[in-house]
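Following full-length UniProt numbering, the numbering of the sequence shown begins with 1 at its first residue and continues without gaps.
Ideal Cβ placement from N, Cα and C applies to all residues, glycine included.
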Amino acid sequence: MASNVTDKIKSLFGVAHGLGDIVRGSFMNTLDKTFQSSSSEAHGPHEDIIQKGVQEFRDGYNKLWGSRQEVEGPTEPSAQSARQTSSFPPAGWESQTRDGTGEGVQRRHSATSSHVPDSLFVNHTDDPIFFRSTPSTSILLLVCKRWLRVATPLLYEILIIRSKAQAQALSLTLPFNNSLGLYVKKLRIECGYVSFGQGTIELMPNVPHSYLSLAVWPEDNVSNVCASLASLSPTCVVLYECSEQDQMLDNDNTQLLCLTIQERVVAFWTNMKSFYFPYPYRNGFYQAIDPTNILGKR
């Protein structure tokens with residue numbers, strides 16, 4: 001059944017994309033005819049886009065219609081059955097809330113799409129492992145209100161901040177809905193410290209897994225993040241540093257971040273059971289936070 005739901009979603013996106021191409025092609029043809037007197041021929045220069053959109057719309061609609069009939073079987077072509085056949089989500093979806101149907105399928109599909117394995121979350125290589133050109137998993141929130149409600153906790157469970165824009169968006173979102181921060185279980189900050197608002201991390205009190213990058217540039221102010229680290233009580237802490245010593249950044253921001261983390265690890269993060277920082281060339285910090293010594297005292 002999960003595959004059927006996935007196929008329906010793909011078909012629905014095909015219908016939407018087809019409509020978008022039709023509107024875009026028609027609009028561009030209208031502009032050409034308005035501003036270019038030579039564009040008077042019947043076949044506009046963007047007619048191919050329109051035809052492609054029509055075909056994509058038909059394919060998506062036929063798949064939705066066909067998959068619906070396969071489930072329900074042949075019926076009399078009454079007006080009522082036609083309306084039920086073309087509806088999405090399927091009739092009875094609201095009442096099917098157990099695992100295997102309805103919300104159970106939504107939850108499993110959303111969890112699969114947004115899942116990040118532990119091996120990737122703690123990955124400390126220099127490769128941009130979370131860079132991708134595929135659509136964001138947040139498109140699941142646009143399917144319908146029920147998908148929005150089911151998928152939101154799963155999408156916020158693991159937050160990976162890779163840019164200033166992402167950090168700023170998070171800082172603007174959490175204060176307007178405090179419950180979102182309660183869903184966060186893993187927080188990975190690769191950059192964008194300067195865009196974190198004051199108190200943003202404090203709105204995420206249940207974060208047992210934290211990943212912090214020490215590769216901070218001089219203009220990337222870390223004061224807001226450092227002030228908020230006191231609100232965390234992680235069980236697993238992973239710190240990232242440049243793999244080559246000659247590439248290591250050393251400035252006021254890195255020093256403040258190191259001192260704050262050092263203070264939290266040594267004296268306050270008593271629930272910490274796992275600590276990873278294999279960079280001995282940051283001498284003072286590595287000696288102050290000896291993973292073996294710190295964990296041995298827990």
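{"Query": "What does DSSP give as the partner residues of Ser210 in its beta bridges?", "Result": "Leu187, Val237"}
{"Query": "Excluding the five sequence neighbours on either side, which residues of its own chain have a C-beta within less than 6 Å of the C-beta of Leu259, listed in chain order?", "Result": "none"}
{"Query": "Kindly indicate the opening and closing residues of the beta strand (DSSP E) around Ile261.", "Result": "Premise fails: Ile261 lies in the alpha helix (DSSP H), 252 to 263, not in any beta strand (DSSP E)."}
{"Query": "Rounded to a whole number of angstroms, what is the C-alpha to C-alpha distance between Asn177 and Cys236?", "Result": "26 Å"}
{"Query": "Out of curiosity, what's the CA-to-CA distance linking Glu157 and Glu47?", "Result": "44 Å"}
{"Query": "What did DSSP end up calling Asn221 once you bin it into helix, strand or coil?", "Result": "coil"}
{"Query": "Output needed for Leu212: all residues of its chain with C-beta closer than 6 Å, excluding positions within five of it in sequence on either side, in chain order.", "Result": "Ile189, Leu239"}
{"Query": "Specify, as a first and last residue, the run of the beta strand (DSSP E) that Ser274 falls within.", "Result": "274 to 276"}
{"Query": "What residue from Asn221, Leu174, Gln51, Val184 has the CA that sits closest to Asp252's CA?", "Result": "Asn221"}
{"Query": "When DSSP builds the beta bridges, which residues end up paired with Ile158?", "Result": "Lys186"}
{"Query": "Look up Trp147 in the DSSP assignment and say whether it is helix, strand or coil.", "Result": "helix"}
{"Query": "So, helix, strand or coil for Val194, using DSSP?", "Result": "helix"}
{"Query": "Is the beta carbon of Tyr193 sitting closer than 8 Å to the one on Val216?", "Result": "yes"}
{"Query": "Within 10 Å of its beta-carbon, does Ser231 have 16 or more other beta-carbons around it, so buried, or fewer, so exposed?", "Result": "exposed"}
{"Query": "Suppose contacts are defined by Cβ-Cβ distances below 8 Å. Is Ser223 in contact with Leu187 by that definition?", "Result": "no"}
{"Query": "At the 8 Å Cβ level, is Tyr279 part of the contact set with chain B, yes or no?", "Result": "In the structure shown, chain B cannot be found, because there is only a single protein chain."}
{"Query": "Out of curiosity, what's the CA-to-CA distance linking residue 299 and Ser171?", "Result": "Past the boundaries of the shown model lies residue 299; the chain is included only from 1 to 298, so the question cannot be answered."}
{"Query": "Assuming Ser228 and Ile201 make a contact with CB atoms under 8 Å, what is their CB distance in whole Å?", "Result": "4 Å"}
{"Query": "Run the CB neighbour count on Thr254, radius 10 Å, all protein chains shown included, and call it buried at 16 or more, exposed below.", "Result": "buried"}
{"Query": "Helix, strand or coil, according to DSSP, for Asn177 in the structure here?", "Result": "coil"}
{"Query": "Tell me the rounded alpha-carbon separation between Arg264 and Trp147.", "Result": "39 Å"}
{"Query": "Note down, in chain order, each residue of its chain lying with its Cβ closer than 6 Å to the Cβ of Gln198, except the 5 sequence neighbours on either side.", "Result": "Asn224"}
{"Query": "Pick out whichever of Pro205, Leu256, Lys164 has its Cα sitting closest to the Cα of Gly181.", "Result": "Pro205"}
{"Query": "Report, in whole angstroms, the separation of the C-beta atoms of Ala169 and Phe196, which I expect to be a contact under 8 Å.", "Result": "So it is not a contact: roughly 11 Å between Cβ atoms."}
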